[in-house]
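Student: Sharing a structure with you now.
Protein chains: 2
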Amino acid sequence: MKFTCKKNILQESIYIAQKAVTGKTTMPILGGILIKAVNNQLILTGSDTDLSIITKIPVDVEEEGEIVVDAKIFGEIIRKLPNDLIEITTIDNNSIEILCQKSRFTLVCMNPDDFPPISNISENIIFSIPQKILKNMIKSTIFATSQEETRPILTGVLFEVKNSKLNMVALDGYRLALKSQNINTENTISAVIPGKTLNEVSKILEDKDENVNITFTSNHILFNFNNTKIISRLLEGDFIRYNSIIPEEYNLKVIAKREKMLECVERASLMGSDGNTSLVKLDIKDNSMVITSNSQLGMVREELNIILQGQSLEIAFNSKYIIDLLKIMEEEEVIMEFSSSVSPCVVKNKEIDNCTYLVLPVRLLK
Amino acid sequence: MKFTCKKNILQESIYIAQKAVTGKTTMPILGGILIKAVNNQLILTGSDTDLSIITKIPVDVEEEGEIVVDAKIFGEIIRKLPNDLIEITTIDNNSIEILCQKSRFTLVCMNPDDFPPISNISENIIFSIPQKILKNMIKSTIFATSQEETRPILTGVLFEVKNSKLNMVALDGYRLALKSQNINTENTISAVIPGKTLNEVSKILEDKDENVNITFTSNHILFNFNNTKIISRLLEGDFIRYNSIIPEEYNLKVIAKREKMLECVERASLMGSDGNTSLVKLDIKDNSMVITSNSQLGMVREELNIILQGQSLEIAFNSKYIIDLLKIMEEEEVIMEFSSSVSPCVVKNKEIDNCTYLVLPVRLLK
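Chains as they are written, first to last, in the working numbering: chain A, 1 to 366; chain B, 367 to 732.
In structure tokens form, the structure reads like this:
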């Protein structure tokens, strides 16, 4: 194998392939990137067997071949080299030489035959979606996935395609996030993608209008964009019927300035000494929301002007859940719909009807 | 106690006093800041008993008094409040009320009588030095202090004042850093300041020409600048006679481009799998420095153009020590003086003769 390519292009492609490489493995081959030089292309593959990323860049191939290099050290070497042409040559079956200006590295390699096989998926596109929209939909839902492995299905995000619409849904038993987008497809599908996969996908997606093509098989999803293919196993099992959880009716509706409310709840949450589980009480009446919290550290009282439609209500929440969703939302004003102090609260954007958040209240001891 | 002040001024003063507050203490009072409102001033004091910081800001005092608040939560509350006037009032002996716009906090406090007493130092200034120069001198030496407690004196930096000159010296048994500055004083003094103190002092010092006044007692140092006093215990014991360690003669002298050499050594150090202790070999001859390193991961060879005066030499170093000092130095070119492959290497700036670094080589097995 022998090829020449520009440092910054190689560095970027390693960055992408590396996203599927797990640092924590006892199998050295899974810490590696498979590099294949063929047809004046360099194909880099990283895989932890559940998630695989394959990315291609144009290079000058003088001699075809393939090899596996340790992702971390290879990435570090390329990153630290001057921004110039890099020449890489295999010098025997288990090492390569990396040349750039006056730098010369000899790096021990691994056998490509030991690299895990990548599922061969015939690309049968189910739908396409602009990169920046998918990136935003992942951000808007992934925070609500469960971090606990007790119910594995909840660590993923549901992709539900029907009636020319993509619904992405995550829920963890305390809250739910649903984001929707019209797409151009006749297909119907329902699959749950691991949160870890979507986390890596969103780091590789760019804020641009170019499409991502998405293909499903019975147990894999394939994202194809920018000369990069990302293949991930799906989570097995049925997702919760989320529609039945979202209440359709409400007794009172609040319109609040999102950033102001976020600041108030963040301050109120300071009274929780353990940060994550601070309880905040909302007292809603007369176009005002009074937010209070107290602990052995002291007390806090915040007051927010709102528009209230309906009767008054006292309700309490875990502050983290309210903060998370107010941070993720982007509009200036949010709508909150309440039924009672023990029923879930539904939060939506005021202007654009493309997301629904739901938070369970904490029952107050009277 | 009752006073009013601007949020950003209060926030800045908490940031300063907090630098002396240790997070890791079993005594809650040491996690606190003493707040004293008197004569239209607010005096904030933080102390871990070894290091104390006292800072003053002008405020509107309506009622004088003092109280101790938990530094972390008080700092967080002030930081999150809107940028407006804040009113703070004691509501009884063990709590204060914090008011800002529509936010109202009640915060539990501690008894000021329990706060550790601060050494009263009569200010008898030994020398004054511009803030930005002291900040730079700390940065240029502190990295060479020992991180091990086996010889406590080496965890500090020697301040040696004599012949109208301040020498700051740190050494850890493998390397030495000496930075000098002419100062206007007739005094002679020699004292060792804890590295931890200097670390906090350098965070508070600003990049400006205003002076820091420095006072010594037999076991304390006082830094006085910007309405802030920093009092620290000195380290006890005699510092190593550093002058006898620095060789005055050499057999060969190298002039090298600092950044180029730094990049070469950083790349060469990548071959050390455990990062910190990678061994790099320097082969110096014919106006060229060849830097090599190898491990079970592979090999690297770097070549650097230099100006060489004297004979050729092969010598090896722990890459971390070379990287640390080339990063700290600021000039374009450095001078390196060598005597033999087992003698310390002396590194200096080419243009300005105000620093001397020394690194011990690693003996190579032949």
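Virtual Cβ for every residue (Gly too), placed ideally from N, Cα, C.
Considering only the alpha carbon of each residue, which of B:V708, B:L542, B:P448, B:D458 lies closest to V434 of chain B?
Tutor: Stepping through the second sequence from its first residue, residue 434 of chain B is reached at position 68. Checking every option, the nearest Cα to that of V434 of chain B belongs to B:D458.
Student: Once you ignore the five residues that flank D84 of chain A on each side, which residues in its own chain have a CB closer than 7 Å to its CB?
Tutor: On the first sequence, position 84 is the one that residue 84 of chain A refers to. Closer than 7 Å at the Cβ level, and outside the excluded window around D84 of chain A, lie K7, C100, Q101.
Student: Using the C-alpha atoms, what's the distance from I35 of chain A back to L107 of chain A?
Tutor: Here the question's residue 107 of chain A lines up with position 107 in the first sequence. Here the question's residue 35 of chain A lines up with position 35 in the first sequence. When rounded, the distance between both Cα atoms is 14 Å.
Student: Say whether chain A places a C-beta atom closer than 8 Å to the C-beta of V535 of chain B.
Tutor: Position 169 of the second sequence, counted from the start, is the residue given in the question as residue 535 of chain B. No, no contact with chain A.
Student: Thinking just about the alpha-carbon of each residue, which of B:A557, B:S635, B:L408 is nearest to the one in V425 of chain B?
Tutor: As a first step, residue 425 of chain B must be located in the second sequence, where it is residue number 59. Here the closest residue by C-alpha is B:L408.
Student: Using 8 Å as the threshold, is the stretch 408-417 of chain B in touch with the stretch 596-611 of chain B, meaning 3 or more CB pairs across them?
Tutor: The answer is yes - the stretch 596-611 of chain B touches the stretch 408-417 of chain B, with three or more Cβ pairs under 8 Å.
Student: Should I307 of chain A be labelled buried (16 or more other beta-carbon atoms within 10 Å of its own) or exposed?
Tutor: In the first sequence, the residue the question calls residue 307 of chain A occupies position 307. Exposed.
Student: Are the beta-carbon atoms of I193 of chain A and I221 of chain A separated by less than 8 Å?
Tutor: Here residue 193 of chain A refers to the residue found at position 193 when the first sequence is read from its first residue. Here residue 221 of chain A refers to the residue found at position 221 when the first sequence is read from its first residue. Result yes, Cβ atoms of I193 of chain A and I221 of chain A sit closer than 8 Å.
Student: One question on the structure: do I439 of chain B and I380 of chain B come within less than 8 Å of each other, judged by their Cβ atoms?
Tutor: Position 73 of the second sequence, counted from the start, is the residue given in the question as residue 439 of chain B. Position 14 of the second sequence, counted from the start, is the residue given in the question as residue 380 of chain B. Cβ atoms of I439 of chain B and I380 of chain B: not closer than 8 Å.
Student: Do you know offhand how far R267 of chain A's Cα is from V300 of chain A's?
Tutor: Translated into the one-based positions of the first sequence, residue 267 of chain A becomes position 267. Translated into the one-based positions of the first sequence, residue 300 of chain A becomes position 300. Approximately 8 Å between the Cα atoms of the pair.
Student: Taking Cβ positions, are A256 of chain A and M336 of chain A nearer each other than 8 Å?
Tutor: Within the first sequence, numbered from 1, the residue matching residue 256 of chain A stands at position 256. Within the first sequence, numbered from 1, the residue matching residue 336 of chain A stands at position 336. Taking 8 Å as the Cβ cut-off, A256 of chain A and M336 of chain A qualify as a contacting pair.
Student: Within the same chain, show all residues whose beta-carbon is closer than 6 Å to that of T4 of chain A, passing over the 5 residues directly before and after it, in chain order.
Tutor: Position 4 of the first sequence, counted from the start, is the residue given in the question as residue 4 of chain A. The residues are D60, L85, E87.
Student: Tell me whether the beta-carbon of T659 of chain B lies closer than 8 Å to the beta-carbon of K647 of chain B.
Tutor: Taking the second sequence and counting its residues from 1, the one referred to as residue 659 of chain B is at position 293. Taking the second sequence and counting its residues from 1, the one referred to as residue 647 of chain B is at position 281. What sits at residue 659 of chain B in the sequence shown is Ser, not Thr. Yes, these two residues count as a Cβ contact at 8 Å.
Student: Got a sec: which bits of the stretch 297-325 of chain A sit with their beta carbon under 8 Å from any beta carbon on chain B, in order along the chain?
Tutor: Result list: L297, G298, M299, V300, R301, E302, E303, L304.
Student: What are the residues of the stretch 83-116 of chain A that lie near chain B, defined by any Cβ-Cβ distance shorter than 7 Å?
Tutor: So the close ones are S95, K102, S103, R104, F105, T106, L107, V108.
Student: Rounded to whole angstroms, what is the Cα-Cα separation between V254 of chain A and L364 of chain A?
Tutor: For the purposes of this step, residue 254 of chain A is taken as residue 254 along the first sequence, with counting starting at 1. For the purposes of this step, residue 364 of chain A is taken as residue 364 along the first sequence, with counting starting at 1. One C-alpha to the other measures close to 21 Å.
Student: Which of the residues in the stretch 268-295 of chain A, read from start to end, lie with their CB under 7 Å from any CB of chain B?
Tutor: Flagged, chain order: L270.
Student: Note down, in chain order, every chain A residue with its Cβ under 9 Å from the Cβ of K446 of chain B.
Tutor: Position 80 of the second sequence, counted from the start, is the residue given in the question as residue 446 of chain B. In chain order: E263, E266, R267, L270.
Student: Name the two residues that bound the continuous beta strand (DSSP E) containing N715 of chain B.
Tutor: Residue numbering aside, residue 715 of chain B sits at position 349 when the second sequence is read from its first letter. Start and end: 711-715.
Student: Is there at least one Cβ from chain B nearer than 8 Å to I73 of chain A's Cβ?
Tutor: As a working mapping, residue 73 of chain A is identified with position 73 in the first sequence. It does; some Cβ of chain B falls within 8 Å.
Student: With DSSP as the reference, identify every bridge partner of N502 of chain B, one or two as the case may be.
Tutor: For this step, residue 502 of chain B is matched to residue 136 along the second sequence. Answer by DSSP bridge pairing: none, since N502 of chain B is not bridged.
Student: Quick one: is G237 of chain A buried, meaning 16 or more other Cβ sit within 10 Å of its Cβ, or exposed?
Tutor: Locating residue 237 of chain A in the first sequence gives position 237, counting from the first residue. The residue is exposed, with fewer than 16 neighbouring Cβ atoms inside 10 Å.
Student: List the residues of chain A whose Cβ lies closer than 8 Å to the Cβ of E733 of chain B, in chain order.
Tutor: The structure shown does not extend to residue 733 of chain B, since chain B is modelled only from 367 through 732, so no value can be given for it.
Student: Tell me the DSSP secondary structure of L364 of chain A in three-state form.
Tutor: In the first sequence, counting from the first residue as 1, residue 364 of chain A sits at position 364. Here L364 of chain A sits in coil by DSSP.
Student: Under 8 Å by Cβ, that's how I've got F683 of chain B and V712 of chain B pegged, so tell me the actual separation to the nearest angstrom.
Tutor: Start at 1 with the first residue of the second sequence, and residue 683 of chain B comes out as number 317. Start at 1 with the first residue of the second sequence, and residue 712 of chain B comes out as number 346. No, F683 of chain B and V712 of chain B are not in contact; Cβ-Cβ is about 13 Å, not under 8 Å.
Student: Roughly how far, in whole angstroms, is the beta-carbon of I16 of chain A from the beta-carbon of T197 of chain A, given that I think they are within contact range, below 8 Å?
Tutor: Position 16 of the first sequence, counted from the first residue, corresponds to residue 16 of chain A. Position 197 of the first sequence, counted from the first residue, corresponds to residue 197 of chain A. That belief does not hold up - the Cβ atoms of I16 of chain A and T197 of chain A are roughly 14 Å apart, past 8 Å.
Student: What is the residue span of the alpha helix (DSSP H) that Q377 of chain B lies within?
Tutor: Residue numbering aside, residue 377 of chain B sits at position 11 when the second sequence is read from its first letter. Its alpha helix (DSSP H) spans residues 373-384.
Student: Taking R233 of chain A as part of the beta strand (DSSP E), name the residues at either end of that continuous run.
Tutor: Walking along the first sequence from the start, residue 233 of chain A turns up at place 233. Here the beta strand (DSSP E) through R233 of chain A covers 228-233.
Student: Looking only at C-alpha atoms, which of B:Q675, B:M367, B:G664, B:E378 sits nearest to S461 of chain B?
Tutor: The residue given as residue 461 of chain B occupies position 95 in the second sequence. Considering only alpha carbons, the answer is B:M367.
Student: Go through its chain and collect everything with a Cβ distance to V290 of chain A's Cβ below 6 Å, but skip five positions before and after it.
Tutor: Taking the first residue of the first sequence as position 1, residue 290 of chain A is located at position 290. Closer than 6 Å at Cβ, skipping near neighbours: D283, E303.
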